[in-house]
Every structure is written in C-alpha cells, then in structure tokens.
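Following our numbering, the numbering of the sequence shown begins with 497 at its first residue and continues without gaps.
The C-beta atom is built at its ideal place from N, Cα and C for all residues, glycine as well.
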Amino acid sequence: KYWFTDDPFVEIPGATGPEFTYDWNTYDQALLKVVVTLGGNSFESNTIQIDSYAWAGLTIGFENSPNVSVDPNNGNVNLCQGTSFTLEVFMPYTNVKWFKDDVLIAGATSMQYVVTEPGSYYVIASPDFCPNSTSSTQGLPIVVQIDTTCGLGVDESHATFLSCYPNPVRDIVSINSLSPTDEISIYDISGRKVYDAKPENNTASIDLSALSSGTYILKVDSGSAHRISKIVKR
Numbered sequence: 497k498y499w500f501t502d503d504p505f506v507e508i509p510g511a512t513g514p515e516f517t518y519d520w521n522t523y524d525q526a527l528l529k530v531v532v533t534l535g536g537n538s539f540e541s542n543t544i545q546i547d548s549y550a551w552a553g554l555t556i557g558f559e560n561s562p563n564v565s566v567d568p569n570n571g572n573v574n575l576c577q578g579t580s581f582t583l584e585v586f587m588p589y590t591n592v593k594w595f596k597d598d599v600l601i602a603g604a605t606s607m608q609y610v611v612t613e614p615g616s617y618y619v620i621a622s623p624d625f626c627p628n629s630t631s632s633t634q635g636l637p638i639v640v641q642i643d644t645t646c647g648l649g650v651d652e653s654h655a656t657f658l659s660c661y662p663n664p665v666r667d668i669v670s671i672n673s674l675s676p677t678d679e680i681s682i683y684d685i686s687g688r689k690v691y692d693a694k695p696e697n698n699t700a701s702i703d704l705s706a707l708s709s710g711t712y713i714l715k716v717d718s719g720s721a722h723r724i725s726k727i728v729k730r
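Take a look at the structure:
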C-alpha cells in the first residue's frame, strides 16, 4: 500500500517466496509487510516504509549581479560580454553533469558551473547514495544571452533559499522562501506554463489537484535571485 493513504494492504502477485526484490518505480512510496503461515497459524511482520523521493527535488540557483539580469520578455538570462556568473545545484545532488546546447560539457562535474558565454544550460545529477536515480532540468534549461545594456540599473542581490513540501505531492504543495517572493511559475516537462501567481509574502500554498500525475518544474523569482526545482505530482 501507499504509505500516505488509508488504503488496506494488498497482496503482491507472485510474492510467495522467502525473498522479495524491490524496484523503486513500482514501490516508490510503499509500506511493505510480510505475512507467513506456519502450522495453521499466521504471523505478521512489522512494516517497512520505502520512500524513493526522500530527498528534495533537483534545484538550480544563481545569484544576479550588476552583470546579470533576467529578460522580462522571455525569461532568459542576460549576461554582459566578458563577464560570468555561477550556476549551482544543491544537496544531496553531488554526482553532476552539466550540458550546454544539449552537449555534455567536458570536465563540468562539480555542483557549481561558471557560465561565461551564451547558450542553453541544464544539468543531470544524482545523490551519492542513489547514483542511478538521476534527475534533469533539461525540460526548463537556463538560456543565457548577451546583454547589450550590460546590466545597467540591476541591483545586486543575495540568493534565496527555497523549500517545497510535500514532494511528491497529491494536492496542496507549500512553498517557502527566506526572501520575498515576486512570482511563482510551474511548467510541465514540455515547457508549457500551467501555473503562475504573484504571492503577497514569503509563503504560498498551491493546489495541484487538477494537474495530471507526472513531473513538473517549479520556478520561483525572488528579487534578483531565481530558483528552479522539480515537483512530482502523484
């Protein structure tokens, strides 16, 4: 059974031997137990909870500077010629591969990557403890373009901390930021915007019950800092 529902336990077809092989896709949010029969008597084990999404979704953040801004017309990142800024993924994603224009960047395997030229950037990463469980931001890349105004009038700001809970989510997801949040957007994996709001404070509760199950991209703008995270809708 799913651990977050009140549904009864059901038998797993064919699981009648002394061993059972778990796969994360089928039993990603499961409560498991064993019932054995001996001499006409049944004995029930304790339960084991499995949560394949026990860590936060993959997030990319960057801090704006006088040389970096976000184009309000298309959401792309404007970068002054000859300058740079840093993209960063956050714990627990420590196995990292950065891509530019759908091509793997040789040697770019750290949690930070310094961008010096225009292009479309995304990352594929996984935690050390589950190296085969990869996540990707390819569905919503960071597109960098040259800014001919060289960031005039852009104020320097600090990066913002973002959390969203629960994740995976069935209906209501809560979003919290340490900085005032200007805009919250949610995209499906094709890049289509399915939600947009301008909250009045640092927290927001969003009803996702009308969305189909699947993976979505959360984008939060807070001052001059921007964070992108993955949300799994159950």
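Residue i, buried or exposed, once every other Cβ within 10 Å from all chains shown has been counted against 16
i: lysine 726; result: buried
i: tryptophan 499; result: exposed
i: aspartate 502; result: exposed
i: isoleucine 752; result: Since the first and last residues shown for the chain are 497 and 730, residue 752 lies out of range.
i: aspartate 624; result: exposed
i: glycine 535; result: exposed
i: alanine 602; result: exposed
i: aspartate 643; result: buried
i: glycine 710; result: exposed
i: glutamate 652; result: The predicted model places glutamate 652 with a pLDDT of 37, which falls under 50 and marks its position as unreliable; any figure quoted below should be read in that light. So glutamate 652 counts as exposed.
i: glutamine 544; result: Note on residue identity: the sequence assigns isoleucine, not glutamine, to residue 544. Exposed, because fewer than 16 other Cβ atoms sit within 10 Å of the Cβ of isoleucine 544.
i: serine 631; result: buried
i: serine 541; result: exposed
i: asparagine 574; result: buried
i: histidine 654; result: Because the pLDDT at histidine 654 is just 38, under 50, the model does not fix this residue reliably, and the value given afterwards should be weighed accordingly. It is exposed - the Cβ of histidine 654 has fewer than 16 other Cβ atoms within 10 Å.
i: glycine 649; result: At glycine 649 the pLDDT is 38, less than 50, meaning the model places this residue with poor confidence; the figure from the coordinates comes in the next sentence. So glycine 649 ends up on the exposed side.
i: valine 564; result: buried
Beta-ladder partner(s) of residue i, from DSSP
i: asparagine 672; result: Ser659 and Thr699
i: lysine 593; result: Ile620
i: arginine 723; result: Gly557 and Val716
i: serine 631; result: Ala621
i: glutamate 679; result: Asp717
i: aspartate 503; result: Paired residue(s): none; aspartate 503 is not in a bridge.
i: aspartate 667; result: DSSP, once it has assigned bridges, lists no residue as partnering aspartate 667.
i: threonine 711; result: Val728
i: tyrosine 523; result: In DSSP, tyrosine 523 forms no bridge with anything.
i: glycine 615; result: Val640
i: leucine 600; result: Phe595
Whole-number beta carbon distance between residue j and residue i, since they are thought to touch under 8 angstroms
i: proline 695; j: isoleucine 680; result: 6 angstroms
i: lysine 715; j: leucine 636; result: 7 angstroms
i: serine 622; j: tyrosine 661; result: Not really, about 21 angstroms apart at Cβ, beyond 8 angstroms.
i: alanine 700; j: isoleucine 724; result: Not confirmed; about 16 angstroms, so no contact.
i: isoleucine 556; j: isoleucine 638; result: 7 angstroms
i: threonine 605; j: valine 592; result: 5 angstroms
i: phenylalanine 505; j: lysine 529; result: 7 angstroms
Sequence-distant residues of its chain with Cβ nearer than 6 angstroms to residue i (five each side left out)
i: glutamine 634; result: Tyr618
i: isoleucine 682; result: Val690, Tyr691, Tyr712 and Leu714
i: valine 610; result: Ser580 and Thr582
i: isoleucine 702; result: Val669
i: asparagine 572; result: Val639 and Gln641
i: tryptophan 594; result: Ile601, Ala604, Tyr609 and Val619
i: alanine 526; result: Ile546
Chain-order list of residues whose beta-carbon lies under 7 angstroms from that of residue i (same chain, five-residue window excluded)
i: leucine 707; result: Val690 and Lys729
i: serine 718; result: Thr656, Ser673, Ser675, Pro676, Thr677 and Asp678
i: glycine 615; result: Lys596, Asp597 and Val640
i: alanine 511; result: none
Residue i at chain C interface by Cβ criterion, 8 angstroms
i: asparagine 698; result: Given the protein chain composition of this structure (a single chain), no chain C is represented.
(request) For the stretch 525-591, list the beta strand (DSSP E) runs that are entirely contained and at least 3 residues long, ordered along the chain. (result) 525-528, 531-534, 537-540, 544-547, 555-559, 564-566, 573-575 and 581-585
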